[in-house]
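Residues in the sequence shown are numbered from 231 upward in steps of one, following this note's numbering.
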Amino acid sequence: MQKLMKQAQQMQQKLASAQAELAEAEVTGTAGGGLVTVTMSGSGDFKAISIDPKAVDPEDVETLEDLVAAAVTNAAEEVRKLTEKTMGPLSAGLGGMGLPF
């Protein structure tokens, strides 16, 4: 039982470290060949949105809205991939300990 508690404590430390790593990481999502770029933290917080002036057409705001939405979706997918890469091994380790993860 003591060994299991020690393993759980080690996994908790690794999990906290991975969460901190994710919070510090940054990912970007782009759309329109780089006309719109969204930067997010690895934990999913928005950091910045950059819009190339070429993407701004007062007569066609809908296209700009679509580009922003696509860049956000792309950045969110990058966050998901980074989270899976960072947390995946930990989740597998927790599952191997008989815990429901």
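Each residue gets a CB set at the ideal place from its N, CA and C atoms; glycine is no exception.
Bear in mind that the values here come from a model prediction, so they are computed numbers and not experimental data.
Going by DSSP, what residue range makes up the beta strand (DSSP E) through K277? In the sequence shown, residue 277 corresponds to position 47, counting from 1. From DSSP, the beta strand (DSSP E) with K277 extends over 276-281.
Would DSSP call G264 helix, strand or coil? By 1-based counting over the sequence shown, the position of residue 264 is 34. G264 falls in the coil class under three-state DSSP.
What is the DSSP secondary structure of G328, counted as helix, strand or coil? Here residue 328 refers to the residue found at position 98 of the sequence shown. Any reading at G328 needs caution, since the residue's pLDDT is 47, under 50, leaving its predicted position unreliable; the model's value is listed next. Reduced to three states, the DSSP call for G328 is coil.
Quick one: Cα of M317 to Cα of T258, how far? One-based indexing of the sequence shown puts residue 317 at position 87. One-based indexing of the sequence shown puts residue 258 at position 28. Taking the straight line from one Cα to the other gives about 19 Å.
Span of the alpha helix (DSSP H) around A238: As a first step, residue 238 is located in the sequence shown; it is residue number 8 there, counting from the start. 232-254 is the extent of the alpha helix (DSSP H) around A238.
Whole angstroms are fine: how far does the CA of M241 sit from the CA of G262? Counting from one through the sequence shown, the residue named residue 262 turns up at place 32. Counting from one through the sequence shown, the residue named residue 241 turns up at place 11. Distance between the alpha carbons of G262 and M241: 41 Å.
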